[in-house]
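J.: Read in order, the letters of the sequence shown are residues 40 to 237 in this note's numbering.
All C-beta atoms in this analysis are idealised placements derived from N, C-alpha and C, irrespective of residue type, glycine included.
Since the model is a prediction, treat every value here as computed from it, not as a measurement.
Handing you this structure, nothing more for now.
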Amino acid sequence: MSLVWLFSIATGAAILIWEESFLRLWVGPQYYPGAATMLMIVLSVLQFSLIRTDTNIIDLTLDLRHKTELGAFSAALSVVLGWLFLGPFHRGIIGLVIGFILGRMIQSIGYPFMIGRMLGIPPEDQLRGVIRPALATAAVFVVATALGTVVHTHSWAVLVLGGGMSATAVAVLAYFGGLSESMRRTVWRRLRKVVRLA
């Protein structure tokens, strides 16, 4: 989970900083949806990534009935809320994404609770473990969104280099600032295994 979060926040921050320049170079600036919309899209992708990680863990426990029921209800609520924000409330793309995020909050809360119950981890311990990464996510994405409004380039080379450097810098900052010592040790062990397999 920590490794997924680390990868998602690093790539998400790079996207927030450089997406406008990327679209300007690729198809034209008129297709950039705006900083707020991009922030919601990146948050939605981060949420989906964490939910998928929880889903894979639940699949291993074979507690599929509760997972399926919760997922179906969450999907239905996401569609309804997305339609409401997009249609009657006239909030456009950002409204659609917010609807999906709110609908999937059922999974974001329910799946970790299911896993904690299976593993014997009290909810209060889970909540304490989430606070630091959540604060780091908020700080990184706010700064990245602000930088995205002032950082521009007309060069593909600068875009690729800047994107890579941004993602790397954010990954390092998030690793030390957003993860506890035990989480950092776990991530480091996993990364070493990946390097050895490669």
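Is S219 helix, strand or coil when you go by DSSP?
T.: In the structure shown, S219 sits in coil (DSSP, three-state: anything other than H, G, I, E or B).
J.: For the stretch 179-190 against the stretch 142-159, do three or more pairs of beta-carbon atoms, one drawn from each stretch, fall closer than 8 Å, so that the two count as touching?
T.: Judged by Cβ distances under 8 Å, the stretch 179-190 makes no contact with the stretch 142-159, as fewer than three pairs qualify.
J.: For D164, which three-state DSSP category applies?
T.: The answer is helix: DSSP assigns D164 an H, G or I state.
J.: Can the beta-carbon of A206 be found less than 8 Å from the beta-carbon of A53?
T.: Their beta carbons are under 8 Å apart, which means A206 touches A53 by this criterion.
J.: Do three or more CB pairs link the stretch 80-91 to the stretch 116-130 at distances below 8 Å?
T.: The answer is no - the stretch 116-130 does not touch the stretch 80-91, with fewer than three Cβ pairs under 8 Å.
J.: Just how far apart, CA to CA, sit V43 and S194?
T.: Approximately 30 Å, taken between the alpha carbons.
J.: Applying the 10 Å Cβ sphere with the 16-neighbour rule, what's the burial state of R167?
T.: Counting Cβ neighbours within 10 Å, R167 comes out exposed, since fewer than 16 surround it.
J.: H105 by DSSP, collapsed to three states: which one?
T.: Note: H105 maps to helix in three-state DSSP.
J.: Could you tell me whether the stretch 189-204 touches the stretch 213-226, where touching means 3 or more Cβ pairs closer than 8 Å?
T.: Because the criterion of three Cβ pairs below 8 Å is not met, the stretch 189-204 and the stretch 213-226 do not touch.
J.: What are the boundary residues of the alpha helix (DSSP H) that S147 is part of?
T.: That run of the alpha helix (DSSP H) goes G131 to L158.
J.: Over what stretch of residues does the alpha helix (DSSP H) that includes V43 continue unbroken?
T.: Where V43 is concerned, the enclosing alpha helix (DSSP H) stretches over S41 to W65.
J.: Assess contact between the stretch 167-176 and the stretch 105-116, defined as three or more Cβ pairs (one per stretch) separated by less than 8 Å. Is contact present?
T.: Because the criterion of three Cβ pairs below 8 Å is not met, the stretch 167-176 and the stretch 105-116 do not touch.
J.: Grouping DSSP H, G and I as helix and E and B as strand, with all else coil, what is F124?
T.: It is helical.
J.: Just the C-alpha distance for T94 and P68, rounded to the nearest angstrom, thanks.
T.: One C-alpha to the other measures close to 37 Å.
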